[in-house]
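Everything in the sequence shown is counted per my numbering, starting at 22 for the first residue and increasing by one. By construction, the Cβ of each residue, glycine as well, lies at the ideal position given by its N, Cα and C atoms.
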Amino acid sequence: MHDDMTAGSPEREASGTWWDPQRPDLKIFGRLTFGGTVPQLVLEGAFPEEMGDEVALPRTLHGECFSRPFTLHRVISTETTQRRDEWRATYRVQTVVEGCHIDPAAKSVERVLVRFAGLERWISDRVFRHDIPPEDFGTDVVTYKPAPSREVSVSGETPGVLKIWSNSVLQGTGVGSRVLTIQHSAQLVFIAADAMTLDHATSAIVFPLKQVMSMLLDTAAIEESVSVRLAGDDEMHEGHPLHDERITPDAEDPLGSRLDFLKLPDAGLEVMASWLELAPRYSEVAALATEALHGHLPIQSSLIAATAAAEGLHRLLMPDDRLLGRTESRTLRKKLVEAAGAEHRDVVLNTLSSLGEVSLRTRLAHLAESLGPAMTQLVTDPDAFGVRLAWFRNRHAHLLDNEAPPLANPAKEDAEWIAQVTLTRICARVVVAKLLTLCACDATVLGNALRASADVQSWKSQARELMPEVVAPGPQDMI
22 MHDDMTAGSP
32 EREASGTWWD
42 PQRPDLKIFG
52 RLTFGGTVPQ
62 LVLEGAFPEE
72 MGDEVALPRT
82 LHGECFSRPF
92 TLHRVISTET
102 TQRRDEWRAT
112 YRVQTVVEGC
122 HIDPAAKSVE
132 RVLVRFAGLE
142 RWISDRVFRH
152 DIPPEDFGTD
162 VVTYKPAPSR
172 EVSVSGETPG
182 VLKIWSNSVL
192 QGTGVGSRVL
202 TIQHSAQLVF
212 IAADAMTLDH
222 ATSAIVFPLK
232 QVMSMLLDTA
242 AIEESVSVRL
252 AGDDEMHEGH
262 PLHDERITPD
272 AEDPLGSRLD
282 FLKLPDAGLE
292 VMASWLELAP
302 RYSEVAALAT
312 EALHGHLPIQ
322 SSLIAATAAA
332 EGLHRLLMPD
342 DRLLGRTESR
352 TLRKKLVEAA
362 GAEHRDVVLN
372 TLSSLGEVSL
382 RTRLAHLAES
392 LGPAMTQLVT
402 DPDAFGVRLA
412 WFRNRHAHLL
422 DNEAPPLANP
432 AKEDAEWIAQ
442 VTLTRICARV
452 VVAKLLTLCA
462 CDATVLGNAL
472 RASADVQSWK
482 SQARELMPEV
492 VAPGPQDMI
């Protein structure tokens, strides 16, 4: 009854015994659910360190279900309960790998395959051409050609080769028939120069690829599967990654009205490879910017995350542009106030209180100006953009979400709310656009993609009435 594994649609279950590879003698029965949105493990028991007040760190677990091995990577405890003498522990799993036990300390992973939702469409545009002859609208003509094989070398901390693997099958001629089946799949493949640990493969390859896909597509990328191949093993072991259950792609067109940078002529793969090299330095900045764009935070938190990303990026790009520390600022403030005397005390204090805002808006303006053609699609005046964003950010920087002033009607009619949303989106896109230019993505190309984006233009057109000095003209202003 317990040792069964059933395949459903889309969720699956696997029941069996689970253990920490560092303590293989301690095995606990449990049930794993995966293949849906969030892989989850429920154990009929708990590890000793989770029965007390200690904070349980993410771990790797091995399992045996119906004679099939499993590896669970980054298993995070979410709940541990006790009823009488029985313990029950629930875990959230980042990645489920079927068919093998992977030693978390061993450098055994040599190849990683990641499948993202929508990647097939980019490939299929280069593989299939669908025509309807004008003389016979009842006949479909489909032309198929093999997908071009492309690969790009990756240097940096994790050298290797990044390429796109695609598999296309055309069944039926389509001529004079209404039955035509096209099976198509595409995956990003990273072949490491040296074998990696499983944790390094996910943190240095899978997570950065998800980041760059989110930046290129301007929507939260959804990985459908993550598979690995171990050194000395010819079999690919399929993994089931953790999906965000809050993200639901458009069923008809998952990339509709987005900045489809991947459709640019063969530029996407080079940008991805470049980001794998840059990610160790800029990954935290990208995480803040994409969270502000595609996350589900309150607007005040999103605005602060976006400006934090901009400040962090500016510091990385211009490390010599140093600001005064808190102690230095207080010492300087005290000396200036004492020197000014009682007569000019208020004027000096007002001036000093605005220094932080001035430095922030200067950084934002410089970052915006550096983007050239791409920036003209978002902002009319970088200085005005910096001033307005700094004002909103400083207003909310020291407020918790539940302490923020309530909005009577947080909708289109609320001008202040729209202004914050607009500036948050602009700031996050400034950071993303700058990161993409660091990956050798041309600023003019980025500007054209922004111009063509219905998503960007929709909020620009309504926000321009509120902030004409900040927001660039929308499509209706370009006619």
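Do you know offhand how far residue i's Cα is from residue j's?
| i | j | result |
| --- | --- | --- |
| SER224 | VAL408 | 36 Å |
| ARG95 | GLU244 | 17 Å |
| SER304 | ALA360 | 45 Å |
| LEU399 | LYS481 | 8 Å |
| ALA35 | VAL59 | 14 Å |
| GLY56 | ASP220 | 20 Å |
| ALA363 | THR352 | 18 Å |
| GLU259 | VAL118 | 6 Å |
| ASP274 | ALA454 | With a pLDDT of 41 at ASP274, under the threshold of 50, the modelled position of that residue is not reliable, and the figure given next carries that caveat. So the alpha carbons of these two residues sit roughly 24 Å apart. |
| ASP404 | HIS417 | 20 Å |
| LEU428 | GLU437 | Summary for LEU428: the model assigns pLDDT 48, below 50, so the residue's position carries little reliability; its value from the coordinates is reported in the next sentence. Straight-line Cα distance between these residues: approximately 9 Å. |
| TRP296 | ALA395 | 19 Å |
| ALA300 | PRO229 | 6 Å |
| GLN115 | GLU291 | 28 Å |
| ALA493 | GLY120 | 53 Å |
| ALA310 | ALA127 | 33 Å |
| VAL451 | ARG382 | 13 Å |
| TRP186 | ASP41 | 34 Å |
| GLU390 | PRO340 | 18 Å |
| SER176 | ILE212 | 12 Å |
| ASN469 | ARG446 | 18 Å |
| VAL368 | LEU456 | 40 Å |
| PHE91 | HIS83 | 6 Å |
| TRP412 | GLU32 | 47 Å |
| LEU53 | ILE97 | 13 Å |
| GLU178 | GLU298 | 7 Å |
| PRO319 | ALA440 | 14 Å |
| SER322 | ALA330 | 12 Å |
| VAL477 | LEU471 | 7 Å |
| MET234 | VAL182 | 17 Å |
| PRO489 | LEU209 | 42 Å |
| LEU357 | LEU444 | 34 Å |
| PRO79 | ALA473 | 43 Å |
Exposed or buried, what is residue i when buried is set at 16 or more other beta-carbons lying within 10 Å of its beta-carbon?
| i | result |
| --- | --- |
| ARG485 | buried |
| GLN232 | buried |
| LEU410 | buried |
| LEU487 | exposed |
| GLU332 | buried |
| HIS335 | buried |
| TRP39 | buried |
| HIS365 | exposed |
| ARG171 | exposed |
| VAL442 | buried |
| GLN43 | exposed |
| ALA294 | buried |
| ARG136 | buried |
| ALA138 | buried |
| LEU467 | buried |
| LEU392 | buried |
| ALA242 | buried |
| LEU47 | exposed |
Under 8 Å between the Cβ atoms of residue i and residue j?
| i | j | result |
| --- | --- | --- |
| PRO125 | THR81 | yes |
| LEU324 | ARG384 | no |
| SER129 | ALA252 | yes |
| GLU65 | PHE50 | yes |
| ALA216 | GLU131 | yes |
| LEU93 | MET257 | no |
| PRO19 | ALA214 | Limits of the chain in this structure are 22 at one end and 500 at the other, which puts residue 19 out of reach. |
| THR401 | VAL491 | yes |
| GLU85 | GLY37 | yes |
| ARG11 | LEU337 | With the chain covering only 22 through 500, there is no way to say anything about residue 11. |
| CYS448 | ALA308 | no |
| THR102 | GLN61 | no |
| THR240 | HIS315 | yes |
At a threshold of 7 Å, does residue i count as lining the ligand GTP (C-beta to nearest heavy atom)?
| i | result |
| --- | --- |
| ARG104 | In the structure shown, the ligand GTP is absent, as is every other ligand, since no ligand is present at all. |
Any beta carbon from chain B within less than 8 Å of residue i's own beta carbon?
| i | result |
| --- | --- |
| HIS315 | Chain labels in this structure do not include chain B; a single protein chain is all it has. |
query = At a cut of 8 Å, does the region 443 to 463 reach the region 242 to 257 through at least three beta carbon pairs?
reply = no
ask   = Where in the region 170 to 254 do unbroken runs of the beta strand (DSSP E), each at least 3 residues long, occur, reported from the N-terminal end onward?
value = 172 to 175, 181 to 192, 202 to 217 and 244 to 251, all fully within the region 170 to 254.
task = At 4 residues or longer, and completely inside the region 460 to 498: list those alpha helix (DSSP H) runs for me, N to C.
result = 464 to 473 and 475 to 484
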